[in-house]
Amino acid sequence: MPSGAGPVPPPGPLAGLTVLDCATLFAGPLAATVLGDYGADVIKIEHPRRPDPARTHGPARDGTGLWWKMLGRNKHTVTLDLSRPAGAALLLRLVEQADVLIENFRPGTLERWGLAPERLHETNPGLVIARVTGFGQFGPYARRPGFGTLAESMSGFAAVTGEPDGPPTLPPFGLADGIAALVAASAVQTALLHRTMRGGPGQVVDLAIVEPLLTLLGPQASAYDQLGTVPTRTGNRSANNAPRNTYRTRDERWVAVSTSAQSIAERVLRLVGHPEVIDEPWFASGSGRAGHADLLDEHVGSWIAARDLDDVMTAFTEAEAAVCPVYDIRDVFADPQYRALDSLTTVQDPELGPLRMQNVLFRLSATPGSIRWTGRPHGADNEAVYSGRLGLTADELKALIDEGAV
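Quick note on the working numbering: the sequence shown kicks off at -13 and runs consecutively.
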């Protein structure tokens, strides 16, 4: 365990699994982070002279990137130039001991370096290779640069996000990358399960970042296919039900109201003093209510606008209706539910001291995940991995460093 880590946590459910994280920026590395959070032994491989750009993305304290502290947690960090023959050969030695390799180079890059999946599987037939790219391994766009922003645009997400009279709106964070990362982690575990339960071989996961977000957009594809409908921007409203919006309180706070369930919609309209609409035929379905969103928003919005946030929250809670304040990060830190869940946990970092960050994604009763350490400095574990695991002598490691392969 790297120095500065806290007490040794119990083994996670993926303990004993070795993952080589050869990806950069967000989707691939975050998939490896998720696996590491649940016990996998992750080795982060970075270029000796070009570290993962995530180290310098976003806010920093005293020159230390805070995003990297989260993204790089639970990973050993080594340097390796895969484009050099000596670097490729060293990767193959790591592959011999690995279960998973995650990469996000443009299609054809590993092949050019002599590290095609076929070569990797010659070295380790059971290896699961996750290839996370913008557009997948084949097709007319396969070799284009691909980033989450392009996926958010091309999937149709941006086209339906924003106000009706405003421009298409991109999220201010890596939404497509984050979703792709979770899907990649799931795909890796699916392939590993097949290997374990069916005795199957290692295989290649081909994940295009444009596809998971497309799936999350719901019935858009089927509706266009069957009805020819093209969704438009609706602001904070929903085309599927109403009332669903954000509303401003008297003390100038914002709340969000959801009425996806029919019973919740009825409770909200009774609460705001308009039970008469519940008997309207159109009120009996989400789509019918969405067609009368102007009327329902007026009823709900005017009621909320006449009250302070605390009064709104109390009344909705007593009515068992779905409402919550619109939070910024200060509110998330202060919220008692997040505190009870330890959603933002405190970890010890050798450079920054106590550091708050998002906890592991879910709780397992018998084999919980854990943050064993935070993101490590570039190449901090070269000696531990190359000498400790592969048995390189000090002279061999120095020669590789002098050559620029490590």
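Every residue gets a Cβ at the ideal spot worked out from N, C-alpha and C, and that includes glycine. Keep in mind that this is a model prediction, so the values were computed, not measured.
Who are the Cβ neighbours of residue i in its own chain at under 8 Å, not counting the five residues just before and after it?
i, result
"G112", "D85, R181, P187, G188"
"W240", "T232, Y233, R234, P311, V312"
"G374", "none"
"L178", "L3, D85, V86, V114"
"A292", "R236"
"G390", "P34, R35, D67, R70"
"I165", "P198, L199, L202"
Restricting to Cα atoms, I'd like to know which of the options is closest to residue i.
i, options, result
"L6", "P(-4), P131, I31, A13", "I31"
"L80", "A13, T65, P93, R92", "T65"
"A366", "L295, P37, R325, A74", "P37"
"N90", "P71, R35, A13", "A13"
"L11", "L386, L57, E337", "L57"
"T42", "L383, R349, P363, L161", "P363"
"P198", "P34, R219, E104, L168", "L168"
"A307", "A326, A251, T147", "A251"
"Q344", "L0, D23, P(-1)", "D23"
"T155", "A166, S141, T245, H278", "S141"
"S329", "E337, L347, V28", "L347"
"F302", "Q334, G259, P340", "G259"
"L341", "T331, T220, A194", "T331"
"D283", "G339, G160, N222, L327", "N222"
"D388", "E238, G125, A72", "A72"
"D296", "D314, E238, Y324, E108", "E238"
Go to residue i, then tell me how far its beta strand (DSSP E) extends in each direction, as first and last residue.
i, result
"V312", "Premise fails: V312 is in no beta strand (DSSP E) and is neither H nor E."
"H62", "61 to 65"
"Y233", "231 to 234"
"E32", "27 to 32"
"L6", "4 to 7"
Enumerate in chain order the residues of its own chain whose CB-to-CB distance from residue i is below 6 Å, with the five nearest sequence positions on each side excluded.
i, result
"D381", "none"
"S356", "P(-5)"
"A305", "R253, L257"
"K384", "none"
"P131", "none"
"A26", "L0, L3, V5"
"S246", "N227"
"N110", "V81, E82"
"A137", "A162, I195, V196, L199"
Who are the Cβ neighbours of residue i in its own chain at under 7 Å, not counting the five residues just before and after it?
i, result
"A461", "This structure leaves residue 461 out entirely; the chain is present only between -13 and 392."
"T135", "L156"
"W54", "A40, R41, G361"
"P103", "I115, V190"
"L255", "P261, V263, I264, H285"
"T379", "none"
"L106", "V81, L87, L113, I115"
Among all the DSSP beta bridges, which residues are the ones paired with residue i?
i, result
"T331", "M343"
"R117", "E89, D192"
"R181", "The partner list for R181 (beta bridge, DSSP) is empty, contrary to what the question assumes."
"R325", "Answer by DSSP bridge pairing: none, since R325 is not bridged."
"G221", "According to DSSP, which records beta bridges pairwise, G221 is partnered with nothing at all."
"G51", "A46"
"A242", "T232, C310"
Would you give the residue range spanned by the alpha helix (DSSP H) that residue i belongs to?
i, result
"T19", "13 to 23"
"V298", "295 to 304"
"L96", "95 to 98"
"D283", "279 to 291"
"L213", "206 to 213"
"D381", "380 to 389"
"A74", "71 to 82"
"R256", "248 to 257"
"G272", "272 to 276"
"A137", "134 to 140"
"L106", "103 to 109"
Report whether the distance from the Cβ of residue i to the nearest heavy atom of the ligand NAD is below 6 Å.
i, result
"P15", "The ligand content of the structure shown is nil, which means the ligand NAD is not present either."
Inset, instruction - Assess, as a yes-or-no matter, whether the stretch 151 to 158 is touched by the stretch 193 to 205 under the definition of 3 or more beta carbon pairs within less than 8 Å. - result: no
Legend entry - At least three beta-carbon pairs within less than 8 Å, the stretch 35 to 53 to the stretch 114 to 134: no
Inset, instruction - Indicate whether the contact test is met: 3 or more Cβ pairs, each with one atom in the stretch 215 to 229 and one in the stretch 263 to 275, closer than 8 Å. - result: yes
Legend entry - Contact between the stretch 16 to 35 and the stretch 162 to 173 (3+ Cβ pairs under 8 Å): A contact exists between the stretch 16 to 35 and the stretch 162 to 173.
Inset, instruction - Spell out a yes or no on whether the stretch 316 to 326 and the stretch 248 to 264 are touching, meaning 3 or more CB-CB pairs, one atom from each, closer than 8 Å. - result: no
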